[in-house]
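Chains as they are written, first to last, in my numbering: chain E, 1357 to 1486; chain U, 255 to 735.
Rendered as structure tokens:
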């Protein structure tokens, strides 16, 4: 019988215009400390982004999201942050931000398979609703 | 990293509060059994800092009250003030340029922080009523010491808009190439996009003028041409838009009466006016060197603005910050700089210039975790200089600490990517005129002067004296990378 382990997660949001505050979910980060798991999955729906703000240049935003995914994965070529410990990387990833890519507040849950939880949250929170 | 409202007693005095995640502290999945509301120091807001009790006492020094009744203030030289007072005049288009307060006019014998100034240019008071004489004066023009000395009509020639004062800053651009800074506002209002070629000519923001002057990604291989130091305009805050929760001091995005959006650093925040002084001096110096620093303004905050703000944390800050605060022009759509990606596009010379600048200003806040660099319109922008001049937080004479070592430079985010700091020293130091420290210090508003402005001028002058040990120190740190 699998044992449930606590995890924390946050959604990565794209806020093309801070003044308006409208945002688009574009990724999710899952951190299960006791299982040694930290990963992010990102996807930028350019149509929906353009619908929010036709002026935004999606390319740098997509690059930024991809960088965050690499930092979560601990890619050693992804800069000094990616070489930190997982808990520090998670803290950095979910630290409040006011730039175009911002994390949501962090919440918690229990799971036995964080990888599957990541897919589950990605489907629920990021993928376009069917 | 959840918002704990540490200074809000009602919400924080409960156990089992989720702790602020910290590498050395509790893990995120571990509950914390301590009262987080008992913090000994309130960082957010001066007004909520607990004060040590002071016993009441009366010291009688035997001076008859009548003897001091007519005594003036402490005998000290005050700035010369012109006898004529400024008048408020209607401006035909209040959305045009800004009229600022600080005018630089230095004489070596003046108090360094007290500039002799002509009468302040008249301030705009909104659109002229239709039944009055609407356009008796020229509108606020580009940043000239005295707007009335300017040839009239330039504003009208540009569709009724005054030129942005930055028009003066792009030294390589002629006046004909300059256009009102309407583009950003139009974009913000949901108007046209500003992709290349899509916008009408003459609708170009000052930042794009800068980018055009030095095209290319991140952008120029070198720092842009130095720009003359000009005054800092004053605007009035009209609306609180959103809090920015990155740092500890909770700056706010605010709209001002020129329709601009500014990241406002509040005087009543934890670090107080000193952080604003650091922000002002470093920002203006950085821009004068040609580095990408968003425009700074002084933001007048009416105490009535925060009265109905429901967020207690924000309201406390607004309440504690009436008068002048610092505004940093908001760069809409800016992305955070990430060393992994950004450095590839940033020239080694520009990286070295930024390291040199931060070493000069003793800025501890440009680390990989918190680079305080933005990518915007293909260029690197430097923000958040409130931690510069960190010597000012120590007790004692500021100038005496000007030659102290600055080991924190080894944590600079751009150090691994920078070229020679000594070459940057040769490039940049000659760009700072000898008068610059005093001119910078003269910009400090009176209400921020926890230290005399002359202290800052003396500190910077001593720091700039050659040979500059901080440059050698940064170069040594780079060699150890």
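Glycine included, C-beta positions come from ideal geometry on N, C-alpha and C.
Can you find a C-beta in chain E that's less than 8 angstroms from the C-beta of residue i?
{"i": "residue 564 of chain U", "result": "no"}
{"i": "residue 592 of chain U", "result": "yes"}
{"i": "residue 612 of chain U", "result": "no"}
Is there at least one Cβ from chain U nearer than 8 angstroms to residue i's Cβ?
{"i": "residue 1442 of chain E", "result": "no"}
{"i": "residue 1419 of chain E", "result": "yes"}
{"i": "residue 1472 of chain E", "result": "no"}
{"i": "residue 1423 of chain E", "result": "yes"}
{"i": "residue 1370 of chain E", "result": "no"}
{"i": "residue 1412 of chain E", "result": "yes"}
{"i": "residue 1468 of chain E", "result": "no"}
{"i": "residue 1360 of chain E", "result": "no"}
Quick one: Cα of residue i to Cα of residue j, how far?
{"i": "residue 564 of chain U", "j": "residue 490 of chain U", "result": "21 angstroms"}
{"i": "residue 1469 of chain E", "j": "residue 1360 of chain E", "result": "8 angstroms"}
{"i": "residue 658 of chain U", "j": "residue 652 of chain U", "result": "10 angstroms"}
{"i": "residue 716 of chain U", "j": "residue 731 of chain U", "result": "22 angstroms"}
{"i": "residue 1454 of chain E", "j": "residue 636 of chain U", "result": "15 angstroms"}
{"i": "residue 631 of chain U", "j": "residue 1412 of chain E", "result": "11 angstroms"}
{"i": "residue 559 of chain U", "j": "residue 727 of chain U", "result": "46 angstroms"}
{"i": "residue 718 of chain U", "j": "residue 485 of chain U", "result": "22 angstroms"}
{"i": "residue 633 of chain U", "j": "residue 1466 of chain E", "result": "43 angstroms"}
{"i": "residue 511 of chain U", "j": "residue 551 of chain U", "result": "12 angstroms"}
{"i": "residue 535 of chain U", "j": "residue 570 of chain U", "result": "26 angstroms"}
{"i": "residue 702 of chain U", "j": "residue 530 of chain U", "result": "8 angstroms"}
{"i": "residue 1463 of chain E", "j": "residue 562 of chain U", "result": "30 angstroms"}
{"i": "residue 1425 of chain E", "j": "residue 1431 of chain E", "result": "9 angstroms"}
{"i": "residue 1437 of chain E", "j": "residue 1447 of chain E", "result": "11 angstroms"}
{"i": "residue 681 of chain U", "j": "residue 1404 of chain E", "result": "46 angstroms"}
{"i": "residue 501 of chain U", "j": "residue 1440 of chain E", "result": "20 angstroms"}
In chain U, which residues lie with their C-beta within 9 angstroms of the C-beta of residue i?
{"i": "residue 1374 of chain E", "result": "495, 496, 498, 507, 515, 584, 586, 587"}
{"i": "residue 1465 of chain E", "result": "The premise fails here: residue 1465 of chain E is roughly 11 angstroms from chain U at the closest Cβ pair, so nothing lies under 9 angstroms."}
So, are the CB atoms of residue i and residue j less than 8 angstroms apart?
{"i": "residue 691 of chain U", "j": "residue 711 of chain U", "result": "yes"}
{"i": "residue 1414 of chain E", "j": "residue 1398 of chain E", "result": "no"}
{"i": "residue 675 of chain U", "j": "residue 609 of chain U", "result": "yes"}
{"i": "residue 1370 of chain E", "j": "residue 1482 of chain E", "result": "no"}
{"i": "residue 1459 of chain E", "j": "residue 1368 of chain E", "result": "yes"}
{"i": "residue 1418 of chain E", "j": "residue 1395 of chain E", "result": "no"}
{"i": "residue 480 of chain U", "j": "residue 544 of chain U", "result": "yes"}
{"i": "residue 540 of chain U", "j": "residue 611 of chain U", "result": "yes"}
{"i": "residue 505 of chain U", "j": "residue 519 of chain U", "result": "yes"}
{"i": "residue 642 of chain U", "j": "residue 532 of chain U", "result": "yes"}
{"i": "residue 1366 of chain E", "j": "residue 1461 of chain E", "result": "yes"}
{"i": "residue 575 of chain U", "j": "residue 524 of chain U", "result": "no"}
{"i": "residue 542 of chain U", "j": "residue 604 of chain U", "result": "no"}
For residue i, go through chain U and note every residue whose CB falls closer than 8 angstroms to its CB, in chain order.
{"i": "residue 1455 of chain E", "result": "588, 589, 590, 628"}
{"i": "residue 1416 of chain E", "result": "589, 629"}
Under 9 angstroms Cβ-Cβ, which residues of chain E neighbour residue i?
{"i": "residue 623 of chain U", "result": "1436, 1437, 1440, 1444, 1448, 1451"}
At a CB-CB cut-off below 7 angstroms, which residues of chain U make contact with residue i?
{"i": "residue 1386 of chain E", "result": "The contacting residues do not exist; residue 1386 of chain E stays about 12 angstroms from chain U at best."}
{"i": "residue 1377 of chain E", "result": "496"}
Identify which residue in the options has its Cα closest to the Cα of residue i.
{"i": "residue 1406 of chain E", "options": "E/1395, E/1379, E/1475", "result": "E/1379"}
{"i": "residue 638 of chain U", "options": "U/664, U/481, U/581", "result": "U/581"}
{"i": "residue 1385 of chain E", "options": "E/1421, E/1433, E/1374, E/1484", "result": "E/1421"}
{"i": "residue 1500 of chain E", "options": "U/656, U/494, U/718", "result": "Chain E is shown only over 1357 to 1486; residue 1500 of chain E falls outside these bounds and no answer can be derived."}
{"i": "residue 499 of chain U", "options": "E/1467, E/1450, E/1431", "result": "E/1450"}
{"i": "residue 714 of chain U", "options": "U/671, U/645, U/681, U/728", "result": "U/645"}
{"i": "residue 699 of chain U", "options": "U/573, U/578, U/566", "result": "U/578"}
{"i": "residue 614 of chain U", "options": "U/586, U/649, U/666, U/507", "result": "U/666"}
{"i": "residue 617 of chain U", "options": "U/588, U/602, U/628, U/663", "result": "U/663"}
{"i": "residue 1393 of chain E", "options": "E/1475, E/1439, E/1478, E/1471", "result": "E/1471"}
{"i": "residue 621 of chain U", "options": "E/1463, E/1473, E/1435", "result": "E/1435"}
{"i": "residue 1485 of chain E", "options": "E/1362, E/1377, E/1401", "result": "E/1401"}
{"i": "residue 671 of chain U", "options": "U/483, U/590, U/733", "result": "U/733"}
{"i": "residue 627 of chain U", "options": "U/507, U/555, U/592", "result": "U/592"}
{"i": "residue 1391 of chain E", "options": "E/1442, E/1477, E/1475, E/1478", "result": "E/1442"}
{"i": "residue 654 of chain U", "options": "U/709, U/679, U/600", "result": "U/709"}
{"i": "residue 1531 of chain E", "options": "U/706, U/597, U/640", "result": "This structure cannot speak to residue 1531 of chain E, because chain E is shown only from 1357 to 1486."}
{"i": "residue 1377 of chain E", "options": "U/595, U/587, U/649", "result": "U/587"}
{"i": "residue 706 of chain U", "options": "U/650, U/669, U/507, U/590", "result": "U/650"}
In chain E, which residues lie less than 7 angstroms from residue i when you measure between Cβ atoms?
{"i": "residue 595 of chain U", "result": "1419, 1423"}
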